[in-house]
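Q:
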Amino acid sequence: MEMKGKGCLVNLAALVAGAFGGVALTAVTGVLLFMPSTDVISSKPTEGDKPGIYVKESTRFFGGTTHEVWLGCVERAHVIEVPTGWEPIPEVEYTGTGLDLVFPDGGRISVPEAKYAGDYC
4 MEMKGKGCLV NLAALVAGAF GGVALTAVTG VLLFMPSTDV ISSKPTEGDK PGIYVKESTR
64 FFGGTTHEVW LGCVERAHVI EVPTGWEPIP EVEYTGTGLD LVFPDGGRIS VPEAKYAGDY
124 C
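Using this note's numbering, the letters of the sequence shown map in sequence onto residues 4 to 124.
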């Protein structure tokens, strides 16, 4: 007695299931590889009329590490990207017109008060 092979519909169903499984696995892997991991590596909360200063680090599997300085309220901050290669945690010097972020490498970013101050805090 000879046994016949699997039917055409079973083969087609296995092919379709494998295709959907492959697409789903590829999508999940892609999302996990490109999704950033973020941490706050330095924080100085708001004190009186001085803004809060928070340094956020984002790391991606492909794309490396980036840093941002957030000035103001946590919910609605003014975001400044730190140039690649600079040490991420700046010292803050307050001026009459705003503040300067002074980085250990010698870099300096001046931010006018209008960018981080306001009624929204």
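No residue lacks a Cβ here, since even glycine has one placed at the ideal position from N, Cα and C.
1) What residue range does the alpha helix (DSSP H) around residue 26 cover?
2) Specify the secondary structure class of residue 120 as computed by DSSP and reduced to three states.
3) Can you tell me which of 57, 98, 36 puts its alpha carbon nearest to the alpha carbon of residue 64?
4) Can you grab the Cα-Cα spacing for the pair residue 105 / residue 33, in whole Å?
5) Tell me where the beta strand (DSSP E) around residue 63 begins and ends.
A: So, to answer that:
1) Locating residue 26 in the sequence shown gives position 23, counting from the first residue. Here the alpha helix (DSSP H) through residue 26 covers 11–37.
2) Mapped onto the sequence shown, residue 120 falls at position 117. Three-state DSSP puts residue 120 in coil, outside helix and strand.
3) Translated into the one-based positions of the sequence shown, residue 64 becomes position 61. Of 57, 98, 36, the residue nearest in Cα terms is 36.
4) The count along the sequence shown starts at 1 and reaches residue 105 at position 102. The count along the sequence shown starts at 1 and reaches residue 33 at position 30. Distance between the alpha carbons of residue 105 and residue 33 is about 37 Å.
5) On the sequence shown, residue 63 is found 60 positions in, with the first residue counted as 1. That run of the beta strand (DSSP E) goes 56–63.
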